[in-house]
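Report on the following structure.
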């Protein structure tokens with residue numbers, strides 16, 4: 024069994040170049056996912072987006088299928104036409120912001136003693152798991 028697992032692991036292991044290409048594809052898909060959401064909200068088709076940014080509908084289709092990756096100029100044009108505001112944050116910064124917001128919410132909740140109104144009641148709470156494995160609970 025171990026031999027089969029080792030062989031499977033070897034087959035699935037990516038070279039450094041393959042890993043970089045994979046990361047590039049994931050970044051492109053993250054941006055395009057936001058573009059796709061904005062298009063859905065605004066009722067804009069891929070053909071209309073292509074016209075707005077001065078490219079072909081087939082190019083837009085290739086981008087959304089993952090056959091091609093958008094360059095920065097294409098993303099900037101999409102940003103402008105769809106009135107998007109792309110921001111790039113490190114995951115560690117996002118995790119820190121989440122922790123700070125949860126701590127602030129908890130401190131306000133404790134300070135106002137809002138929890139006292141829930142004594143004797145079953146309280147459902149949302150638990151947020153941060154990527155480092157820590158769990159943070161938010162009551163309410």
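Residue numbers (the numbering used here): 24 to 163.
All C-beta atoms in this analysis are idealised placements derived from N, C-alpha and C, irrespective of residue type, glycine included.
| Asked | Found |
| --- | --- |
| Alpha helix (DSSP H) segment containing residue 39, residue limits | 39–65 |
| Where residue 90 falls: helix, strand or coil (DSSP) | coil |
| Residue 160 (DSSP reduced to helix, strand or coil) | With a pLDDT of only 47 at residue 160, under the threshold of 50, the placement of this residue in the model should not be trusted; the figure read from the coordinates follows. Of the three classes helix, strand and coil, the one that applies to residue 160 here is strand, per DSSP. |
| Residue environment, residue 158, which counts as buried when at least 16 other CB atoms sit within 10 Å | The pLDDT assigned to residue 158 is 46, lower than 50, so where the model puts this residue is not dependable, and the model offers no usable value. |
| Segment limits, alpha helix (DSSP H) that includes residue 96 | 95–105 |
| Residue environment, residue 109, which counts as buried when at least 16 other CB atoms sit within 10 Å | exposed |
| Residue 111 (DSSP reduced to helix, strand or coil) | coil |
| C-alpha distance - residue 70 paired with residue 76, whole-angstrom precision | 10 Å |
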